[in-house]
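*Asks:* Numbering-wise, the sequence shown is residues 1 to 311 according to our numbering.
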Amino acid sequence: MNEAKIDKSNTCVACGNSRDNRIFQSTERMFGLGGSFDFLECSSCQSVQLIAVPKKMDAYYPNNYYAFGNLVKSDRLKNLIKKIRWSLASANLLASGNPAYLTWLKTLRAKTNEHIADIGCGNGQLVYEMKSSGFKNLWGFDPYLSQETKTNGFQLLRKSIDEVSGKFDVVMMHHSFEHMEFPGKVFEKLSQIVKKGGRLLIRVPVTDGEVWKQEGIYWFQLDSPRHFYIPSVKAMKMISSDFGFSMKQVVFDSGANQFWGPILYKKGMKFAGTDLSLEFTAEELLDYENKAIALNQENKGDQACFYFEKI
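(1) For arginine 19, collect the residues of the same chain with a Cβ closer than 7 Å to its Cβ; drop the 5 residues on either side in sequence, then sort them by chain order.
(2) For the alpha helix (DSSP H) that serine 241 lies in, which residues bound it at each end?
(3) Identify the continuous beta strand (DSSP E) that holds alanine 117 and give its terminal residues.
(4) Which runs of the alpha helix (DSSP H) spanning at least 4 residues fall entirely within the region 170-221, listed in chain order?
(5) Just to confirm the assignment: which complete beta strand (DSSP E) runs, minimum length 3, are found wholly within the region 258-306?
(6) With the cut-off set at 8 Å, would you say serine 224 and glutamine 303 are in Cβ contact?
(7) Nearest to aspartate 58 by CA position, among Leu33, Met247, Phe252 and Asn296, is which residue?
(8) Can you tell me the Cα-Cα spacing of serine 160 and phenylalanine 141, whole angstroms?
(9) Quick check on the burial criterion: 16 or more other C-beta atoms within 10 angstroms. Buried or exposed for isoleucine 81?
(10) Going by DSSP, what residues sit across from asparagine 137 in a beta bridge?
(11) Short of 8 Å in beta carbon distance, which residues of its chain neighbour glutamine 25, apart from the five on each side in sequence? Order them along the chain.
(12) Can you tell me whether DSSP reads isoleucine 51 as helix, strand or coil?
(13) Looking at the structure shown, is leucine 102 part of a helix, part of a strand, or coil, going by DSSP?
(14) Just verifying my parser: in three-state terms, what is the DSSP assignment at methionine 247?
(15) Can you tell me whether DSSP reads threonine 11 as helix, strand or coil?
(16) Let's see if you can read the secondary structure: which residues bound the alpha helix (DSSP H) around glutamate 28?
(17) Measuring CB to CB, does tyrosine 307 end up less than 8 Å from leucine 138?
(18) What do you get for lysine 189, buried or exposed, if any count of 16 or more other CB atoms within 10 angstroms of its CB means buried?
(19) Quick one: using the 10 Å Cβ neighbour count with 16 as the cut-off for buried, is glutamate 148 buried or exposed?
(20) Could you check where the beta strand (DSSP E) with lysine 150 kicks off and where it finishes?
(21) Specify, as a first and last residue, the run of the beta strand (DSSP E) that glutamate 41 falls within.
(22) Return the chain-ordered list of same chain residues with a C-beta closer than 7 Å to the C-beta of isoleucine 193, the five sequence neighbours on each side being excluded.
(23) Name the one or two DSSP bridge partners that phenylalanine 252 has.
(24) For the candidate residues Ser90, Asn257, Val250 and Val233, whose alpha-carbon lies nearest to that of alanine 110?
(25) Please name the residue, chosen from Lys131, Asp162, Ser9 and Leu145, that lies closest to threonine 151 on a Cα-to-Cα basis.
(26) Measure how close the beta-carbons of glycine 198 and lysine 310 come, nearest whole angstrom, since I'm counting them as under 8 Å.
(27) Please return the same chain residues whose Cβ sits closer than 7 Å to the Cβ of asparagine 251, not counting the five positions on each side in sequence.
(28) Could you check if glycine 122 is buried or exposed, using at least 16 other CB atoms within 10 Å of its CB as the buried criterion?
Laid out in structure tokens, this is it:
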């Protein structure tokens, strides 16, 4: 599909469908910036896309945007503990659930000497945690990175996915895929940088979530205008196979924000700067967490982990 020729006001960027698609409007709610943004929901693959991307996106990524907080470093003792913890988890001697990256890396069959990239790394915290856990060949890429870091086996570079070069055994995209406009173009690039037999993890909001169907424009993960494209599981399988990736596993990992987010937004409140403990009781927040776990088990959560292998 030639993205340059797509009329995003009526055509899905994922599957090319232009029939019976729905147009709706949303506004920026996380920071209360307002504005009106048009979206298209595809009647065929159920993807959602932002029709017109603002020319100046920097305004929608303020300093308190959660992905760009300060990088938290740990001392030698904590780093030693992290190395031991990963050794145990990778040998199936430790439950790999907390912290979450143990599960991701174990499912990816990641090895400490492999070349691994995190695209859309934010402040680089995950890459740092992996370095602390004993991984030796790590790259983090993000076009909004405030400061680059280049040390032996660990680099954080201010680059968009289009600027990434080289070949990697493992590539991860943790909630960066939805910030990219054309999913086919993203997968085309991934097919160039993931080695044959290499693994790919994409964590992304999905329109399969029950909350999207219930809350619509108040859905927390819609996050206009930062989210350019939100897929369905169907769309991810379709696009990935077109570029030589085999989908190996889908794990829903949604959280409580899918419930409390719409409540705040319907009250006209923003998320940034809001103290949740003043708006919800501890029992309510726990109930939301439990509901999220239940929906994940039913494959009805509002975000998922997609594990692929390059054929």
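Cβ atoms here follow ideal geometry from the backbone N, Cα and C, with glycine treated the same way. Model, not experiment: these values are computed from the prediction.
*Replies:* According to the structure shown:
(1) Ser43
(2) That run of the alpha helix (DSSP H) goes 233-242.
(3) 115-119
(4) 183-193 and 210-215
(5) none
(6) no
(7) Leu33
(8) Their Cα atoms are separated by approximately 7 Å.
(9) exposed
(10) Checking the DSSP bridge columns, you'll see asparagine 137 partnered with His115.
(11) Ser36, Phe37, Asp38, Phe39 and Ile217
(12) coil
(13) Leucine 102: helix per DSSP, three-state reduction.
(14) strand
(15) coil
(16) It is not in any alpha helix (DSSP H) - glutamate 28 instead sits in the beta strand (DSSP E) that spans 22-28.
(17) Contact check for tyrosine 307 against leucine 138 fails: the beta carbons are separated by 8 Å or more.
(18) In this structure lysine 189 is buried. Its beta-carbon is surrounded by 16 or more other beta-carbon atoms within 10 angstroms.
(19) exposed
(20) 149-151
(21) 34-41
(22) The residues are Val164, Gly166, Lys167, Phe168 and Val171.
(23) Bridge partners of phenylalanine 252: Ala304.
(24) Ser90
(25) That would be Lys131, whose Cα lies nearest to the Cα of threonine 151.
(26) Yes, they are in contact, since the Cβ atoms of glycine 198 and lysine 310 sit about 5 Å apart, within 8 Å.
(27) According to the sequence as given, residue 251 is valine; it is not asparagine. Here the set comprises Ala304 and Cys305.
(28) buried
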